[in-house]
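Heads up, the thing below is written out as structure tokens.
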Amino acid sequence: MKKFEYGMAKNLAGAFEFLKESEAKIKAGGIDLLDLMKEGLESPTRLVNIRTVPELSFIKKDEKGNLHIGATTTLAEIAAHSEIQTRYRALAQAAKAVATPQIRNVATVGGNLCQRPRCWYFRSADFNCLRNGGDHCLADEGENKYHAIFGNQDGCVVVHPSGTAVALMALDAKLVIARKKESREIHIADFWVTPEDDVTRENILKHDEILTEIILPATEKSTTSYYFKQKEKQSFDWPIADVAVVLEMNGKKCTASKIVLGSAAPVPWRIEKAEQVLKDKQISVTLARQAAAAAMVDANPLSQNAYKVPVFSAVIYRTICWAAGIDPFAA
Ligand SMILES: Cc1cc2nc3c(=O)[nH]c(=O)nc-3n(C[C@H](O)[C@H](O)[C@H](O)COP(=O)(O)OP(=O)(O)OC[C@H]3O[C@@H](n4cnc5c(N)ncnc54)[C@H](O)[C@@H]3O)c2cc1C
């Protein structure tokens, strides 16, 4: 690891001051960043610790009922928050499903959204992959068992790694991005950068910008959500398929829904074809299976990951059922 300066920001203004250095990098929990530095894939000359900025760690409700979550709130705090567990269940489930208790106690939600992909070619300094400045994607024709089945035709076939991103997309979250004294609010769907737009980055953040908070819209009692992560092994593991479902219900009828897939594409992947199947219908196991089939119509598996299509189908239909409060194995 190369030598670097370390700045403990006491407040947001101090963090921006430290970030003036062009090779400075934000450190939140450091779980992802330090891995990348050890591998020599990131070599900042200065690390700016934002875990020490009190105004970035909070969970609070505003007068309109929207929930605001500070960017350095840990995944453990989100998973344990009673209002998130009841009103935004998919987010609490997604945060709880990440890694191990030790990691969740340190990792922040902002860092979770901004973590870099887990592709083994990208993560190793021994490979010159497209995302690291090489001229082609090594996974596309190489080892691609865990890679994308959607959005994989633009050169790079990584999958988006953040579980909380999947839930936050389905829950229609907004993100607040600050730069010095200015800040702007964007819909989370506009945060991501596809390989087609720029293969070297995953989000729109500029070097001197900080993701400061996440805003969840006030929900009606009739809104229900669920997140499920399918792993290859029982103990802690990355997902091979994860899904978040949000349903707006009117009695037994679903009036609108959001279905978002993780570990499926280079960005969190919304499946509108499946949402259409549910619209204005009563959710049943049969309907959930039809929606899952519609979700997979445009899948484009690579040489080693066709198995992901039936796995996603099963995970999507079950998650729809769980969101609706019905037993997926009843029929
Ligand atoms: C064994 C293991 C298993 C894991 N399993 C999962 C899993 O199943 N699901 C999952 O989602 N994740 C998983 N992870 C990843 C882990 O959750 C992330 O690495 C972690 O959430 C990153 O958060 P952090 O606060 O440590 O970020 P850091 O490592 O500090 O930062 C990550 C990146 O985000 C940037 N950054 C951080 N905060 C901000 C901010 N507020 N504004 C702008 N930029 C910022 C940093 O500059 C850096 O580039 C796993 C990790 C390990 C080691």
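Letter 42 of the sequence shown, counting from 1, is numbered 51 in our numbering, and no numbers are missing.
All residues carry an ideal CB built from backbone N, CA and C; glycine is no exception.
Helix, strand or coil at residue i according to DSSP, with G and I counted as helix
{"i": "P319", "result": "helix"}
{"i": "A273", "result": "coil"}
{"i": "C263", "result": "strand"}
{"i": "G39", "result": "coil"}
{"i": "T95", "result": "helix"}
{"i": "L76", "result": "strand"}
{"i": "E32", "result": "coil"}
{"i": "E86", "result": "helix"}
{"i": "K69", "result": "strand"}
{"i": "D163", "result": "coil"}
{"i": "L100", "result": "helix"}
{"i": "R327", "result": "helix"}
{"i": "R298", "result": "helix"}
{"i": "D44", "result": "helix"}
{"i": "V62", "result": "coil"}
{"i": "K11", "result": "coil"}
{"i": "V286", "result": "helix"}
{"i": "A106", "result": "helix"}
{"i": "A332", "result": "helix"}
{"i": "A304", "result": "helix"}
Terminal residues of the beta strand (DSSP E) in which residue i lies
{"i": "G16", "result": "14-17"}
{"i": "V185", "result": "183-188"}
{"i": "I112", "result": "Where I112 is concerned, there is no enclosing beta strand (DSSP E), although the alpha helix (DSSP H) it sits in stretches over 110-115."}
{"i": "E222", "result": "219-225"}
Residue-level contact to chain C via CB, residue i, 8 Å cutoff
{"i": "L65", "result": "No chain C appears in the structure shown, which is made up of a single protein chain."}
Endpoints, alpha helix (DSSP H) assigned at residue i
{"i": "T370", "result": "Only positions 10 to 340 of the chain appear in this structure, which leaves residue 370 out of reach."}
{"i": "N121", "result": "118-123"}
{"i": "L139", "result": "Run containing L139: none; DSSP gives neither H nor E here."}
{"i": "A22", "result": "21-27"}
Bridge partners - residue i, DSSP secondary structure assignment
{"i": "D251", "result": "K238, G271"}
{"i": "Q291", "result": "K262"}
{"i": "T233", "result": "L256"}
{"i": "S192", "result": "A187"}
{"i": "V57", "result": "G16, I35"}
{"i": "N212", "result": "W201"}
{"i": "R279", "result": "V269"}
Status (buried if at least 16 other CB within 10 Å, exposed otherwise) for residue i
{"i": "Y155", "result": "buried"}
{"i": "Y97", "result": "buried"}
{"i": "Y235", "result": "buried"}
{"i": "A134", "result": "exposed"}
{"i": "G172", "result": "buried"}
{"i": "I93", "result": "buried"}
{"i": "Q124", "result": "buried"}
{"i": "Q102", "result": "buried"}
{"i": "I249", "result": "buried"}
{"i": "G120", "result": "buried"}
{"i": "P126", "result": "buried"}
{"i": "K215", "result": "exposed"}
Residue from the options with nearest C-alpha to residue i
{"i": "S52", "options": "K34, A303, A274", "result": "K34"}
{"i": "E150", "options": "A227, N314, A301, T95", "result": "N314"}
{"i": "V118", "options": "P310, G16, G39", "result": "G39"}
{"i": "Y326", "options": "K290, P337, E211, L56", "result": "P337"}
{"i": "A116", "options": "I158, W201, N58, E30", "result": "N58"}
{"i": "A297", "options": "A274, A227, W331, L270", "result": "W331"}
{"i": "D199", "options": "L122, S266, M17", "result": "L122"}
{"i": "N259", "options": "I292, I280, K29, K242", "result": "I292"}
{"i": "E191", "options": "I219, V168, G164, I213", "result": "I219"}
{"i": "A157", "options": "A265, K70, M305", "result": "M305"}
{"i": "I186", "options": "T54, L42, A18, I78", "result": "I78"}
{"i": "T160", "options": "V324, S322, A323, L311", "result": "Looking at the sequence shown, residue 160 is not Thr but Gly. Comparing Cα positions, the closest option is L311."}
{"i": "W265", "options": "A273, L21, S231, W278", "result": "In the sequence under discussion, the amino acid at residue 265 is Ala, which differs from the Trp named in the question. Minimum Cα distance to A265 is reached at S231."}
{"i": "E241", "options": "F321, D144, K11, V62", "result": "F321"}
{"i": "M178", "options": "L225, G142, A273", "result": "L225"}
{"i": "K69", "options": "I280, I87, Y316", "result": "I87"}
{"i": "D217", "options": "V324, T233, K290, A22", "result": "A22"}
{"i": "G271", "options": "T54, A80, Y15, P170", "result": "P170"}
{"i": "V202", "options": "E222, R188, D163", "result": "D163"}
{"i": "P63", "options": "M46, A18, T95", "result": "A18"}
{"i": "W129", "options": "G143, I329, V167, T95", "result": "V167"}
{"i": "A89", "options": "P110, C165, E30, N75", "result": "P110"}
{"i": "P204", "options": "C165, E229, F237, K183", "result": "C165"}
{"i": "Q243", "options": "A108, C138, A80", "result": "A108"}
{"i": "A176", "options": "N153, G74, M46, V276", "result": "V276"}
{"i": "T54", "options": "A85, T61, Y15", "result": "Y15"}
{"i": "E211", "options": "V252, T61, I197, H145", "result": "I197"}
{"i": "A273", "options": "R188, G49, N153", "result": "N153"}
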